[in-house]
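Using the working numbering, read the sequence shown as starting at 775 and increasing by one per residue. Presented below is the structure to which this report refers.
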Amino acid sequence: MENYTHWFYLESYTFLFYSKNQYVIYNTLNSTYIDCSLYGKTINTVLSILHNTNKTYCVGIYEYQLRDSQFTEFIKKIRNTFSGDIIKNIRGIPPFISKPILRILHHPNNPKTKEYNLLGENALFHLHEVTFYLENQGFDLNPMYKDCYKQFLYPTYTEKQKLSHAKYLEIIEQLSICQIDKINIIPATIEKKELFSYLLSLSRQYSIKTQIILPYKKYNKEDLKQLLINPQFSIMIMVHLPVDYEELNSYINLFNEYNITWSLIASNKNDVIFLSKNNLGKFTNVDYIPWYTGDNMDFFKEYIYNDFKDIIEQKNTKQHIFRKQILNDNLFGKLTIFPTGEVYSNVNFPTIGNIQDQKLSEIVYSEIENYFKPWFFTRDYVSCKNCVNKYLCPSISNYEIVANEYNMCYLNQ
775 MENYTHWFYL
785 ESYTFLFYSK
795 NQYVIYNTLN
805 STYIDCSLYG
815 KTINTVLSIL
825 HNTNKTYCVG
835 IYEYQLRDSQ
845 FTEFIKKIRN
855 TFSGDIIKNI
865 RGIPPFISKP
875 ILRILHHPNN
885 PKTKEYNLLG
895 ENALFHLHEV
905 TFYLENQGFD
915 LNPMYKDCYK
925 QFLYPTYTEK
935 QKLSHAKYLE
945 IIEQLSICQI
955 DKINIIPATI
965 EKKELFSYLL
975 SLSRQYSIKT
985 QIILPYKKYN
995 KEDLKQLLIN
1005 PQFSIMIMVH
1015 LPVDYEELNS
1025 YINLFNEYNI
1035 TWSLIASNKN
1045 DVIFLSKNNL
1055 GKFTNVDYIP
1065 WYTGDNMDFF
1075 KEYIYNDFKD
1085 IIEQKNTKQH
1095 IFRKQILNDN
1105 LFGKLTIFPT
1115 GEVYSNVNFP
1125 TIGNIQDQKL
1135 SEIVYSEIEN
1145 YFKPWFFTRD
1155 YVSCKNCVNK
1165 YLCPSISNYE
1175 IVANEYNMCY
1185 LNQ
């Protein structure tokens, strides 16, 4: 250590990623992205040592390395972005900088964690969102849209109702204890639907934020207004394009003061032209949802795929990166319960249990114990597993699962 004239270190909020002889530095405070391959072989030697040590986020530097002009430029970049620094070696002792390493105290495979999760309702605290499908979803559903529910919240064909009022009460009581973020209800209709009304009364009673998913124009306007008297209720109207603009515009304006989101579903270039031409983005309560039809991958490549700029413009905190290293941010903590009692951690995967003969906590724990798909379905399992940017990208989405295309970006084509 006495031969080192300086110490080079990275800050504890700065990540060093490596893959295929490429190093990338990412600062989670200011979202700075540094491609280290631009600075020569000396940098690679230094970063290789830094990457492979767990003791401290620091490495010794020799005098001759400081005479490398590319190394000097690299240090300047690190300093100017507050990602780290270089200091003189005065005492021969490196400064201790904590490396940003994910440490899991309650790993699913740990026996103590298993015991912890199975005791009482602890497993339920992993839940964030539960979706309830009620019976006869597809009584007038366009057959073209029957599989949309595998990509986003949408009605689908369901079997006859088997879950009782008492069972729903039991479920809602458990969800209220774990302070779930919200529930979604997808009813066949909102008119004279006893079970639907009962679920709403339960969500009111237990103060659970509730979102109701409805297809465009499959409702009575006054019924919508009546529902939204309660501020904890919101409605999402699913609109498959194309539609008549004037009619849609009048609907949106009519409910402009209500807690309604209009989700406009686009699947081709003409839909995008429709959205652009009519400036529907002027409404704050309108969002856009892509729809993969099975034969419109060109549409996804043109409008949905990420490029390098899209990825580095996303602001990733230290916690975001840690989460994406261990779980799927898009899918984790979500359950879907069908009227038959079948429970899914994701509707693109097999059922994980039936609420009629299993406790909800046991079903949730089975998903945690599985520790792979879909809650823990990260990019480490798919074609982009060797990409240096995999933890900066969004987690795997339902679109990728449905299309079986786990590389919706232009970085590794």
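Even for Gly, the Cβ is constructed at its ideal location relative to N, Cα and C.
Q) Around the C-beta of Glu1076, are 16 or more other C-beta atoms found within 10 angstroms, so that it is buried, or is it exposed? A) That one is exposed.
Q.
Please give the ranges of any beta strand (DSSP E) in the stretch 895-974, keeping only runs that are unbroken, at least 3 residues long and fully inside the region.
A. Under the rule that a run must span 3 or more residues, the beta strand (DSSP E) segments found entirely inside the stretch 895-974 read 903-907 and 956-960.
(Q) Quick check on the burial criterion: 16 or more other C-beta atoms within 10 angstroms. Buried or exposed for Asp1045? (A) Asp1045 comes out buried.
Q | Distance between Thr963 and Leu988 (C-alpha atoms, nearest Å) | A | Approximately 8 Å between the Cα atoms of the pair.
Q: Alpha carbon to alpha carbon, how far is Asn1053 from Tyr1066? Give it in angstroms, no decimals.
A: In this structure, the straight-line span from the alpha carbon of Tyr1066 to that of Asn1053 is close to 23 Å.
Q: Return the chain-ordered list of same chain residues with a C-beta closer than 6 Å to the C-beta of Met1012, the five sequence neighbours on each side being excluded.
A: Sequence-distant Cβ neighbours of Met1012 in its own chain, meaning closer than 6 Å and more than five residues away, are Tyr928, Pro989 and Ser1037.
Q: Output the distance between the C-alpha atoms of Leu790 and Asn1042, rounded to the nearest integer angstrom.
A: Taking the Cα positions, Leu790 is about 39 Å away from Asn1042.
Q. CA-CA distance, Met918 and Tyr931?
A. Met918 and Tyr931: Cα-Cα distance of roughly 12 Å.
Q: Classify Leu812 as helix, strand or coil using the three-state DSSP reduction.
A: Correct three-state label for Leu812: helix.
Q: Indicate whether Lys934 and Glu909 have their beta-carbon atoms separated by less than 8 Å.
A: For Lys934 and Glu909, yes; Cβs fall inside 8 Å.
Q | Residue ranges of each beta strand (DSSP E) within the stretch 1024-1091, 3 or longer | A | Counting only runs that start and end inside the stretch 1024-1091, the beta strand (DSSP E) elements of at least 3 residues fall at 1034-1040 and 1060-1064.
(Q) The alpha helix (DSSP H) that contains Thr788, what's its start and end? (A) Thr788 -> not in any alpha helix (DSSP H); beta strand (DSSP E) instead, spanning Thr788 to Ser793.
Q: Check the DSSP bridge columns for Cys832 and list the partner residues they point to.
A: Tyr783.
Q. How big is the Cα-Cα spacing for Tyr1155 and Asn854?
A. A direct Cα-Cα distance of roughly 36 Å separates Tyr1155 from Asn854.
**Q.** Minimum C-alpha distance to Gly1134 - residue among Leu973, Tyr787 and Asn896
**A.** One point to set straight first is that residue 1134 is Leu, not Gly, in the sequence displayed. With distances taken between Cα atoms, Leu1134 lies closest to Asn896.
Q | With 16 other Cβ atoms within 10 Å as the buried cut-off, status of Leu893 | A | Note on Leu893: pLDDT 44, under 50, position unreliable in the model; the coordinate value appears next. It counts as exposed.
Q: Check whether the Cβ atoms of Ile799 and Ser857 lie closer than 8 Å to each other.
A: Taking 8 Å as the Cβ cut-off, Ile799 and Ser857 qualify as a contacting pair.
Q: Since I believe Ile1129 is in contact with Leu937 (beta carbons under 8 Å), could you give me their beta-carbon distance rounded to a whole number of angstroms?
A: Cβ-Cβ separation between Leu937 and Ile1129: approximately 7 Å, consistent with a contact (criterion under 8 Å).
Q. Which two residues bound the contiguous alpha helix (DSSP H) that contains Val1176?
A. For Val1176, the enclosing alpha helix (DSSP H) starts and ends at Asn1172 to Ala1177.
Q: Drop a sphere of 10 angstroms on the beta-carbon of Pro1113, count the other beta-carbons inside from all chains shown, and report buried for 16 or more, exposed for fewer.
A: Classification of Pro1113: buried, given that the 10 Å Cβ count is 16 or more.
Q) Is Asp1154 helix, strand or coil by DSSP? A) It is helical.
Q. Just to confirm, are Ile954 and Glu903 a CB contact at a threshold of 8 Å?
A. The Cβ atoms of Ile954 and Glu903 sit closer than 8 Å to each other.
**Q.** Supposed close pair Leu1109, Pro1148 - CB separation, criterion 8 Å
**A.** About 11 Å separates the two Cβ atoms, so there is no contact after all.
**Q.** Alpha-carbon spacing of Tyr797 relative to Leu821, whole angstroms
**A.** Approximately 8 Å, taken between the alpha carbons.
**Q.** Assumed close pair Tyr1180, Ser1157 - CB separation to whole angstroms, cut-off 8 Å
**A.** Between Tyr1180 and Ser1157 the beta-carbon gap is near 5 Å, inside 8 Å, which marks them as a contact.
Q: Locate the beta strand (DSSP E) running through Ser1008, then write down its first and last residues.
A: Run containing Ser1008: Phe1007 to His1014, per the beta strand (DSSP E) assignment.
Q: Alpha carbon to alpha carbon, how far is Cys922 from Lys1164? Give it in angstroms, no decimals.
A: Near 27 Å, if we compare the C-alpha coordinates of Cys922 and Lys1164.
**Q.** Chain-order list of residues whose beta-carbon lies under 6 Å from that of Lys886 (same chain, five-residue window excluded)
**A.** Note that Lys886 scores a pLDDT of 49, beneath 50, so its modelled location is shaky; the value from the coordinates is reported in the next line. The answer is none, since no qualifying residue turns up.
Q.
Just to confirm before moving on: does the CB-CB distance between Leu876 and Gln1099 stay below 8 Å?
A. By the CB criterion at 8 Å, Leu876 and Gln1099 fall inside the cutoff.
Q: Grab me the residues of Gly1107's own chain with a C-beta within less than 6 Å of its C-beta, minus the 5 sequence neighbours each way, in chain order.
A: Counting only Cβ-Cβ distances below 6 Å, and skipping sequence neighbours, we find His900, Leu901 and His902.
Q: Work out the CA separation of Asn1059 and Thr1152 for me, nearest whole Å.
A: Roughly 31 Å separates the two Cα atoms.
Q. Given a threshold of 16 other Cβ atoms within 10 Å of its Cβ, counted over all protein chains shown, does Ile849 qualify as buried or as exposed?
A. It is buried - the Cβ of Ile849 has at least 16 other Cβ atoms within 10 Å.
Q: Go ahead and pull the three-state DSSP assignment for Asn1144.
A: Asn1144 falls in the helix class under three-state DSSP.
Q: Note the first and the last residue of the continuous beta strand (DSSP E) segment covering Gln985.
A: Unbroken beta strand (DSSP E) run through Gln985: Thr984 to Pro989.
Q: Taking only the alpha-carbon atoms, compute the straight-line gap between Tyr783 and Ile1085 and give it to the nearest angstrom.
A: Their backbone Cα atoms lie some 26 Å apart in a straight line.
Q. Who does Val798 pair with in a DSSP beta bridge?
A. For Val798, DSSP records a beta bridge to Phe791 and Asp809.
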